[in-house]
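Enquirer:
Residue numbers (our numbering): 156 to 708.
(1) Hey, residue 551 and residue 583: beta-carbon distance below 8 Å or not?
(2) Output needed for residue 463: all residues of its chain with C-beta closer than 8 Å, excluding positions within five of it in sequence on either side, in chain order.
(3) Could you say if the region 581-595 and the region 318-329 meet the contact criterion of at least three C-beta pairs nearer than 8 Å?
(4) Would you decide whether residue 308 is buried or exposed? Buried here means 16 or more other CB atoms lie within 10 Å of its CB.
(5) Express the C-alpha separation of residue 385 and residue 232 in angstroms, rounding to a whole number.
(6) Three Cβ pairs or more, each shorter than 8 Å: is that satisfied between the region 353-362 and the region 443-462?
(7) If you run the structure through DSSP and keep just helix, strand and coil, what is residue 386?
(8) Could you give the DSSP three-state label for residue 231: helix, strand or coil?
(9) Going by other Cβ atoms of all chains shown within 10 Å of its Cβ, with 16 needed for buried, is residue 299 buried or exposed?
(10) Specify the secondary structure class of residue 289 as computed by DSSP and reduced to three states.
(11) Do residue 451 and residue 468 have their C-beta atoms closer together than 8 Å?
(12) Going by beta-carbon coordinates alone, are residue 470 and residue 499 separated by less than 8 Å?
(13) Leaving aside the five residues before and after residue 482 along the sequence, list all residues of the same chain whose C-beta is less than 8 Å from its C-beta, in chain order.
(14) Just how far apart, CA to CA, sit residue 398 and residue 613?
(15) Who does residue 565 pair with in a DSSP beta bridge?
(16) Does the distance from the C-beta atom of residue 576 to that of residue 564 stay below 8 Å?
(17) From what residue to what residue does the alpha helix (DSSP H) around residue 629 run?
(18) Report all residues from its chain with a CB closer than 6 Å to the CB of residue 514; omit the five preceding and five following residues, and keep chain order.
(19) By a C-beta neighbour count over all protein chains shown, 10 Å radius and 16 as the cutoff for buried, is residue 226 buried or exposed?
(20) Which of the three DSSP states, helix, strand or coil, is assigned to residue 430?
(21) Just tell me which of 571, 675 and 686 has its CA closest to the CA of residue 287.
(22) Quick test of your reading: residue 619 and residue 541, contact by CB under 8 Å. State the CB separation rounded to the nearest angstrom.
(23) Alpha carbon to alpha carbon, how far is residue 566 from residue 497?
(24) Applying the criterion that 16 or more other CB atoms from any shown protein chain within 10 Å of the CB defines a buried residue, is residue 411 buried or exposed?
(25) Ignore the nearest five residues each way along the sequence and tell me which others in residue 295's own chain have a CB closer than 6 Å to its CB.
(26) Does the region 337-348 come into contact with the region 363-372, if we say contact requires no fewer than three beta-carbon pairs (one atom in each stretch) closer than 8 Å?
(27) So, using beta-carbon positions, are residue 530 and residue 512 closer together than 8 Å?
(28) CB-CB under 8 Å to residue 495, same chain, minus the five flanking residues each way: which ones, in chain order?
(29) According to DSSP, simplified to helix, strand and coil, what is residue 295?
(30) Do the CB positions of residue 388 and residue 437 come within less than 8 Å of each other?
(31) At the level of alpha carbons, what is the spacing between residue 97 and residue 667?
(32) Out of 521, 628 and 636, which has the shortest C-alpha to C-alpha gap to residue 544?
(33) Sort 602, 487, 477 and 524 by Cα distance to residue 535 and report the nearest one.
(34) Kindly indicate which residue of 322, 585, 235 and 596 has the alpha-carbon position closest to the one of residue 478.
(35) Excluding the 5 residues preceding and the 5 following residue 559 in the sequence, name in chain order all residues of the same chain whose CB lies nearer than 6 Å to its CB.
(36) If you reduce the DSSP assignment to three classes, tell me which class residue 541 lands in.
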């Protein structure tokens, strides 16, 4: 109830802010009208009699022209407001009123900054934490054996140019170095990573292998993009791993000689880690999950400083084995307050807590007796996960269809939600009652988050740029999930109603001029009566010389 009242209060403040603009405009018109009446030396009653006579002589054409012009102006304002809202997500007049008029009226936001789980204010975290950093998807699919097969089946490209361009930049960063200059096979591969056409990249990789069969990056590219099955890809990766391991050992011995050798060793390390990781993913996809878990654990021990989010691959594989104790051990290490969060971490923690109570949970029983301690812990974990990424529940509850996840994701965005649900939906279905508990509780998160969203609750405020980045990452045939759902501003609805009302008045005045003239005169008479009463009282109270001076203004 408190959250609802706070939201209504914030909306009321915004309405008041822009309404002051129109109040000042109406006040200005009234002042001009009064000054016009008082210009002559006549009595106020005589001036209003003259004004009444002037209004009575107006023809219906005047009213048609007046209402038609008003309708046209309202329509132009409505079109501009709609365009501005579609482009920037907010009303122009509301924005101007809140930013320029509301501060003058003392409507600035007060109070203290809410404190997040890390003990720092939101304003500080908003400055230190990047809002829209794009991350490499740790569970990204294989281009040849998975993405390409999807293209053949549906004639739709699941990867956008923006996503593939980010991958090309990653490949150039990880798989090239200054020590490659003068080596024809690696110079060819430098060009191959920049190629947009897959066939051109594959052709360049074959050319590099013709120069030197020991080119690990060429074998890696062919395993990713040319092999049409996971079995073929695994075979190619094993061949590439032997070459990459030999190159790694050679460069390890000479890495301290100069900066070029150090860069070469760093490149060979990247190639070796990525190949071994993809081999583990091949084993996971081929059903050898325990082997995949062992490879991932070895990789994390051997290269602890490599930040490729391999722990997310490990969590998914352990969930497949239903090794929930091992999953909890991994989460206890990475679900730390100082480490960046992800949907995998937050929702897996919620799944483990829901697993303890989900099989016996009943919303009817819970509403009667209240939530137990374990149930409250599970619900709080779900609320935490939903606040971090509010797009995930609709995919897990199959309220929204899945597509192939992109190669890059935006944390807290629709792309991350899609990638998480694509690989973890089966794990939620395996836990009896988990989806039912999620269905009953996830929407309660939005009543807990303070309004407006810039304040946040358990995490730093939800980024405002996720929609644009997700539209760049996700294919056009996928309907991007947007949070918070953009509602039409009150002023757009007000302008639409005003435009429709004045257009209707113009049409009625044109069709029925005499009755509409009577209606308008009657309404003007009603509006004139209180003003006439006030001015008559002023005329009786104020001395005549003061009125004479005012009449000269």
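Note that CB positions come from ideal geometry on N, CA and C, so glycine has one too.
Expert: From the atom records:
(1) yes
(2) 291, 293, 428, 429 and 432
(3) no
(4) exposed
(5) 58 Å
(6) no
(7) helix
(8) helix
(9) Label assigned to residue 299: buried.
(10) strand
(11) yes
(12) It is a contact, given that the beta carbons lie within the stated cut-off.
(13) 470, 473, 474, 503 and 507
(14) When rounded, the separation of the alpha-carbon atoms in residue 398 and residue 613 is 47 Å.
(15) For residue 565, which the question treats as bridged, DSSP gives the partners 289.
(16) For residue 576 and residue 564, no; Cβs fall outside 8 Å.
(17) Where residue 629 is concerned, there is no enclosing alpha helix (DSSP H), because DSSP gives it neither an H nor an E.
(18) Closer than 6 Å at the Cβ level, and outside the excluded window around residue 514, lie 587 and 588.
(19) That one is buried.
(20) Looking at residue 430 - three-state DSSP - the assignment turns out to be helix.
(21) 571
(22) Cβ atoms of residue 619 and residue 541 stay farther apart than 8 Å, at about 18 Å.
(23) 6 Å
(24) exposed
(25) 562
(26) yes
(27) yes
(28) 566
(29) Of the three classes helix, strand and coil, the one that applies to residue 295 here is coil, per DSSP.
(30) yes
(31) Look at the range of the chain in this structure, 156 to 708, and you will see that residue 97 is not part of it.
(32) 636
(33) 602
(34) 585
(35) 305 and 313
(36) DSSP places residue 541 within a helical segment (H, G or I) once states are collapsed to three.
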